[in-house]
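K.L.:
Chains as they are written, first to last, in the numbering used here: chain R, 64 to 417; chain L, 84 to 168. Just so it is clear, CB atoms sit at the ideal spot from N, CA and C, and this is done for glycine as well. Here the structure is a predicted model, which is why all the values come from computation and not from measurement. Below: one structure in structure tokens.
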């Protein structure tokens, strides 16, 4: 089987990550319970005529993918695989609101056309003229990982050479209002520096687009090797540790081989205990890294964690803003990512320095 | 400029997301499709819905739209003559 490498990245997040030369040098702190992305100037990437019908999520996805394609020095790609939890939720909200407001009359086409979950992958393909495999996974908080598994299988079996994989989710006003009502979003505004010490329920919601060119051709500029990915729709807390050890064993690794654990803690007092069990248990002597205080929580936030892992391995640096403890590993060779949302849809990913 | 023409220009810019175009840049006789403002078939559908919703004009024959949406001047005259609200 072929090895799979991350050859390039493109990220739009609540931090200034769209410039690949920077690595969290300047941190933006928020005092809120919903945080937006820091947007690049979209006009630098998308012609105005093409952009005028694009909602924010589409623009974010198209631009993040363009950044990744440019860094990989590619103009076409064998496949485009995206993951999204909510798809183009803003246009969905617009369309449904119009149905209600106009008593099911006078429905206009634009927001309907753009409201489907696979719009981002479709627009990327239209932009670069890619007629290859185009697929979108909508699997809640393992959407990105599902896209990743698909790409890994194709690349490992040499069915493709270069695949664009990404996770994208935009924040929708009405959807957020509902999440506030059911307290999946924290009732209080909170400083992002204090989020992970929060004693209240719910998370700070965010949005973002993180894209990667994965390839079975290693380049000098490659970020990392993707060794393995595994997802679990349900995983009782009592089985977390053994499931993780089994996953590591499948990749011929032990807990002690892992140099950095990147966890998806989001400050929800009801569900961060999954991460704490690992952090205070088998990984208590391991460098621990967190990121959702910087990105916010969204269905494809783990793609931002993937971006972070790739950056850490390439730059061999861990920015102080993401380090949860002061344990210094002997080297930065192996990174393990663990994520779950509200105790469901767990994922493990292993990245290796290359 | 008549109020209706001004109103139509504002609506076209807002509803069709023509963010980079100012009202002053649309002349009354500019062609809306093709070489003029560059609108396309999806915009035509948006305009048909707008005529129905805002002015009570139902276009049953899509070919009619081609003539009616020729320019702001033509649209304005048609609406003035046929509007029911």
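In whole angstroms, what separates the C-alpha of residue 146 of chain R from that of residue 184 of chain R?
P.N.:
9 Å
K.L.:
Just curious, the beta strand (DSSP E) that residue 278 of chain R is in, first and last residue?
P.N.:
271-278
K.L.:
Quick check: the Cα distance between residue 290 of chain R and residue 207 of chain R, rounded to an integer number of angstroms?
P.N.:
16 Å
K.L.:
What are the complete alpha helix (DSSP H) segments, minimum 4 residues, inside the segment 74-112 of chain R?
P.N.:
none
K.L.:
Can you name, in chain order, every residue of its own chain whose Cβ lies under 8 Å from the Cβ of residue 151 of chain R, other than the five neighbours on each side?
P.N.:
118, 120, 121, 177, 178, 179, 180, 182, 183 and 233
K.L.:
With burial defined as no fewer than 16 other Cβ atoms inside 10 Å of the residue's Cβ, what is the status of residue 64 of chain R: buried or exposed?
P.N.:
exposed
K.L.:
Please state whether DSSP places residue 217 of chain R in a helix, a strand or coil.
P.N.:
helix
K.L.:
What residues in the segment 157-175 of chain R bring their beta carbon closer than 8 Å to a beta carbon of chain L?
P.N.:
165, 168, 169, 170, 171, 172 and 173
K.L.:
Let me know if residue 347 of chain R comes out buried or exposed under the rule of 16 or more other beta-carbons within 10 Å of its beta-carbon.
P.N.:
exposed
K.L.:
So the alpha helix (DSSP H) residue 336 of chain R belongs to, where does it begin and stop?
P.N.:
336-343
K.L.:
Residue 229 of chain R to residue 143 of chain R, Cα distance in whole Å?
P.N.:
8 Å
K.L.:
If contact is defined by three or more beta carbon pairs under 8 Å, each pair taking one atom from either stretch, is the segment 276-287 of chain R in contact with the segment 65-77 of chain R?
P.N.:
The answer is yes - the segment 276-287 of chain R touches the segment 65-77 of chain R, with three or more Cβ pairs under 8 Å.
K.L.:
Evaluate contact between the segment 161-171 of chain R and the segment 238-254 of chain R, counting only Cβ atoms and requiring at least three cross-stretch pairs below 8 Å.
P.N.:
no
K.L.:
Strictly by DSSP, which residues pair up with residue 96 of chain L?
P.N.:
DSSP lists no partner for residue 96 of chain L.
K.L.:
For residue 131 of chain L, which residues from the same chain have a beta carbon less than 8 Å from its beta carbon, with the 5 sequence-adjacent residues on both sides left out?
P.N.:
142, 145 and 148
K.L.:
Compute the beta-carbon to beta-carbon distance between residue 271 of chain R and residue 76 of chain R, rounded to the nearest angstrom, for a pair I have assumed lies under 8 Å.
P.N.:
Cβ atoms of residue 271 of chain R and residue 76 of chain R come within 8 Å of each other, at about 4 Å.
K.L.:
What does residue 101 of chain L touch in chain R if you count any residue whose Cβ is under 7 Å from its own?
P.N.:
115
K.L.:
So, is residue 139 of chain L buried or exposed, given that buried needs 16 or more other C-beta atoms within 10 angstroms?
P.N.:
exposed
K.L.:
Could you check if residue 104 of chain R belongs to the surroundings of the ligand ATP, using beta carbon to heavy atom distance under 7 Å?
P.N.:
Although the ligand ATP was asked about, the structure shown includes no ligands whatsoever.
K.L.:
Buried or exposed: which applies to residue 267 of chain R, given that a residue is buried once 16 or more other Cβ atoms fall within 10 Å of its Cβ?
P.N.:
buried
K.L.:
Output needed for residue 156 of chain R: all residues of its chain with C-beta closer than 8 Å, excluding positions within five of it in sequence on either side, in chain order.
P.N.:
235, 236, 237 and 238
K.L.:
Name the chain R residues whose beta carbon is nearer than 8 Å to that of residue 136 of chain L?
P.N.:
165, 168 and 169
K.L.:
Return the chain-ordered list of same chain residues with a C-beta closer than 6 Å to the C-beta of residue 213 of chain R, the five sequence neighbours on each side being excluded.
P.N.:
144
K.L.:
Across the segment 295-313 of chain R and the segment 157-164 of chain R, are there enough close Cβ pairs to call them in contact, namely three or more that are closer than 8 Å?
P.N.:
No: fewer than three Cβ pairs fall under 8 Å.
K.L.:
Is there a Cβ of chain L sitting closer than 8 Å to that of residue 366 of chain R, yes or no?
P.N.:
no
K.L.:
Below 8 Å on the Cβ atoms is my contact criterion, and I expect residue 324 of chain R with residue 349 of chain R to pass it. Report the Cβ-Cβ distance as a whole number of Å.
P.N.:
5 Å
K.L.:
Taking residue 304 of chain R as the reference, which of R:123, R:337 and R:365 has the closest Cα?
P.N.:
R:337
K.L.:
Specify the secondary structure class of residue 153 of chain R as computed by DSSP and reduced to three states.
P.N.:
helix
K.L.:
Could you give the distance in angstroms between the alpha-carbon of residue 124 of chain R and the alpha-carbon of residue 359 of chain R?
P.N.:
Roughly 17 Å separates the two Cα atoms.
K.L.:
Tell me whether residue 379 of chain R is buried or exposed, calling it buried when 16 or more other Cβ atoms sit within 10 Å of its Cβ.
P.N.:
So residue 379 of chain R counts as exposed.
K.L.:
What do you reckon, are the CB atoms on residue 428 of chain R and residue 125 of chain L nearer than 8 Å?
P.N.:
Coverage of chain R is limited to positions 64 through 417, which leaves residue 428 of chain R absent and any answer about it impossible.
K.L.:
Report, in whole angstroms, the separation of the C-beta atoms of residue 86 of chain R and residue 382 of chain R, which I expect to be a contact under 8 Å.
P.N.:
6 Å
K.L.:
Between the segment 324-333 of chain R and the segment 396-415 of chain R, are three or more C-beta pairs nearer than 8 Å?
P.N.:
Taking a cut-off of 8 Å on C-beta distances, the segment 324-333 of chain R touches the segment 396-415 of chain R, as three or more cross pairs fall below it.
K.L.:
Quick one: list the residues of chain R neighbouring residue 122 of chain L, beta-carbon separation under 9 Å, in chain order.
P.N.:
Those within 9 Å of residue 122 of chain L in chain R number zero; the least Cβ separation is about 10 Å.
K.L.:
Going straight from the alpha carbon of residue 334 of chain R to that of residue 259 of chain R, what length do you get?
P.N.:
12 Å
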